[in-house]
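Residue numbers (my numbering), protein chains in the order written: chain A, 1 to 182; chain B, 1 to 320. First the structure, in the form of structure tokens, and then the observations on it.
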């Protein structure tokens, strides 16, 4: 007997996107299954905490049906979705910079980093110590593979500023790591 | 020393999203939750912002009309403000070392809390007002003060709820005679964390110096209720301020009564002291009713275009 494996619907298919645009929860769930983990990773790298990353992904998918009305189906759907996620994460960081006044997360997040090597812990600590403006550029360029032009668009800065921030971010991380080595 | 920084950056471990996130998203949608996301590209983002601004203005106008006609029920929505309301957070109790003092206190130092904590329950609604437009509700904050199970103790508890945010709360058990903090428990994301104090340091006393300077916080409300105010009341306190992981500096928090005003909130009409607070470059204004002395409203500017506001919507007086 021939076994026909169920072929999952392509997440970027026009039909699925159309269904999600109409608020179909099943389509939204399918999109989450396809892209949720990847978007969470991007959000986590940008925000630095699991709670914030989950909130970013939550907000993205809650707002996705309405946002899809603006999606013009040019280019890759996943790239569009990642840009939206990056924007939501960056907005959240900016909002926190204006409004956050307590160190709640500093304590709440401590137990989360397990199974990491000492080098990774050092590097993560150095990364966490960066100001958001520098960290965002470093994450987007070196960890997420965006170009300086794309980062400039996302952050509302010039490509030259993006390059400068990357240089400063790398320098600060290296200095921090050197301090740890002493 | 890490030699290959770039490959190490890419290899940093990342946790996965919680298994409940998918259900949470679908649950929010099913409950009618909607959010306006930024556009992926800047040009349409600007266009969307214009549309969003127009929609927000129209919505505010409609809400105003509805509210005046009595047709608006429970306004809510918007992006969750998780941290706007982090409750007690006696930072010094958790500090591992205070490194330095920055700035100089402007007024006489507040040493201790002069009065007792009044029992009761106070509910506040938070709003963010942007460009003069009163946006949707940013959630509810509650402060409750009750006698503890152990004789001579008082329990200060607080929680915050928001349609899109996980509930969080906090409670602090205090020996009322000495103001020693005995136990603090907070919960967030379904988890709770309890800390028992050991009474071995003055940093574990409820006092103005341990107030959470997050003005959306809670402990200062209890302290303002227990500190008699007057027309010329002034006071400063040095508050620990986190500047990095396990690094703290002391910065002055200056408070003064700047005037009197009658304030109307959903909880009633109150003759209030206006207390101006200044912490570094941040300022806040708190309206404290004169008799009995209760916080009924607070405002903190958020940048140039927004004001964070909380108003008292209901109060439960102590049992006679």
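Here a beta-carbon is modelled for each residue, glycine too, at the ideal position from N, C-alpha and C.
Cutting at 6 Å between CB atoms, please list the residues of its own chain near residue i, excluding the five before and the five after it.
i: residue 195 of chain B; result: 184
i: residue 140 of chain A; result: 146 and 151
i: residue 162 of chain A; result: 137, 148, 151 and 152
i: residue 301 of chain B; result: 307
Work out the CA separation of residue j and residue i for me, nearest whole Å.
i: residue 214 of chain B; j: residue 167 of chain A; result: Annotation note: pLDDT 43 at residue 214 of chain B (below 50); position unreliable, coordinate value reported separately. So the two alpha carbons sit approximately 34 Å from each other.
i: residue 283 of chain B; j: residue 275 of chain B; result: 11 Å
i: residue 231 of chain B; j: residue 177 of chain B; result: 28 Å
i: residue 170 of chain A; j: residue 30 of chain B; result: 44 Å
i: residue 42 of chain A; j: residue 317 of chain B; result: 48 Å
i: residue 107 of chain B; j: residue 236 of chain B; result: 5 Å
i: residue 55 of chain B; j: residue 69 of chain A; result: Model confidence at residue 55 of chain B stands at a pLDDT of 42, short of 50, so the residue's coordinates are unreliable and nothing is read from them.
i: residue 128 of chain B; j: residue 313 of chain B; result: 16 Å
i: residue 113 of chain B; j: residue 299 of chain B; result: 23 Å
i: residue 226 of chain B; j: residue 115 of chain B; result: 5 Å
i: residue 149 of chain B; j: residue 109 of chain B; result: 33 Å
i: residue 252 of chain B; j: residue 104 of chain B; result: 6 Å
i: residue 123 of chain B; j: residue 278 of chain B; result: 25 Å
i: residue 180 of chain B; j: residue 174 of chain B; result: 6 Å
i: residue 72 of chain A; j: residue 118 of chain B; result: 59 Å
i: residue 182 of chain B; j: residue 149 of chain A; result: 55 Å
i: residue 363 of chain B; j: residue 139 of chain B; result: Absent from the model: residue 363 of chain B. The displayed extent of chain B is 1 to 320, so no value can be given.
i: residue 94 of chain A; j: residue 52 of chain A; result: 13 Å
i: residue 143 of chain B; j: residue 219 of chain B; result: 9 Å
i: residue 15 of chain B; j: residue 49 of chain A; result: 10 Å
i: residue 63 of chain A; j: residue 292 of chain B; result: 45 Å
i: residue 121 of chain A; j: residue 144 of chain A; result: 20 Å
i: residue 25 of chain A; j: residue 26 of chain B; result: 7 Å
i: residue 133 of chain A; j: residue 281 of chain B; result: 20 Å
i: residue 58 of chain A; j: residue 22 of chain B; result: 8 Å
i: residue 192 of chain B; j: residue 76 of chain A; result: 42 Å
i: residue 34 of chain B; j: residue 28 of chain A; result: 13 Å
i: residue 173 of chain A; j: residue 17 of chain B; result: 27 Å
i: residue 258 of chain B; j: residue 118 of chain A; result: 53 Å
i: residue 65 of chain A; j: residue 22 of chain A; result: 6 Å
i: residue 36 of chain B; j: residue 254 of chain B; result: 39 Å
i: residue 130 of chain B; j: residue 152 of chain B; result: 45 Å
Leaving out five residues before and five after residue i in sequence, what residues of the same chain have Cβ atoms less than 7 Å from its Cβ?
i: residue 176 of chain A; result: 126 and 129
i: residue 56 of chain A; result: 43, 47, 85, 88, 89 and 92
i: residue 263 of chain B; result: 270, 272, 287, 296 and 297
i: residue 145 of chain B; result: 117, 118, 119, 120, 154, 156 and 222
i: residue 81 of chain A; result: 35 and 39
Does any residue of chain A have a CB that is nearer than 8 Å to the CB of residue i?
i: residue 54 of chain B; result: Unreliable positioning characterises residue 54 of chain B in this predicted model, as indicated by a pLDDT of 44, which lies under 50. A coordinate reading is not provided.
i: residue 141 of chain B; result: no
i: residue 79 of chain B; result: For residue 79 of chain B, the predicted model reports a pLDDT of 20, less than 50, meaning its position is unreliable and no value from the coordinates is stated.
i: residue 10 of chain B; result: yes
i: residue 284 of chain B; result: no
i: residue 6 of chain B; result: yes
i: residue 28 of chain B; result: yes
i: residue 172 of chain B; result: no
Taking DSSP's pairing of strands, which residues face residue i in a bridge?
i: residue 262 of chain B; result: B:271
i: residue 173 of chain B; result: B:155 and B:183
i: residue 299 of chain B; result: B:285 and B:309
i: residue 125 of chain B; result: B:140 and B:311
i: residue 252 of chain B; result: B:238
i: residue 13 of chain A; result: Paired residues: none, contrary to the question.
i: residue 278 of chain B; result: B:254 and B:283
i: residue 109 of chain B; result: B:236
i: residue 333 of chain B; result: Here chain B has residues from 1 to 320 only, and residue 333 of chain B is not among them.
i: residue 196 of chain B; result: B:183
Would you say residue i faces chain B, with C-beta separation under 8 Å as the test?
i: residue 131 of chain A; result: no
i: residue 120 of chain A; result: yes
i: residue 124 of chain A; result: yes
i: residue 67 of chain A; result: yes
i: residue 169 of chain A; result: no
i: residue 36 of chain A; result: yes
i: residue 77 of chain A; result: no
i: residue 20 of chain A; result: no
i: residue 173 of chain A; result: yes
i: residue 57 of chain A; result: yes
i: residue 135 of chain A; result: no
i: residue 140 of chain A; result: no
i: residue 165 of chain A; result: no
i: residue 29 of chain A; result: yes
Name the chain C residues that come within less than 7 Å of residue i, Cβ to Cβ?
i: residue 61 of chain A; result: You won't find chain C in this structure, because its protein chains are A and B.
Excluding the 5 residues flanking residue i on each side, which residues of the same chain have their C-beta closer than 8 Å to its C-beta?
i: residue 205 of chain B; result: 112, 178, 179, 180 and 181
i: residue 7 of chain A; result: Here residue 7 of chain A scores only 40 on pLDDT, less than 50, and its place in the model is too uncertain to base an answer on.
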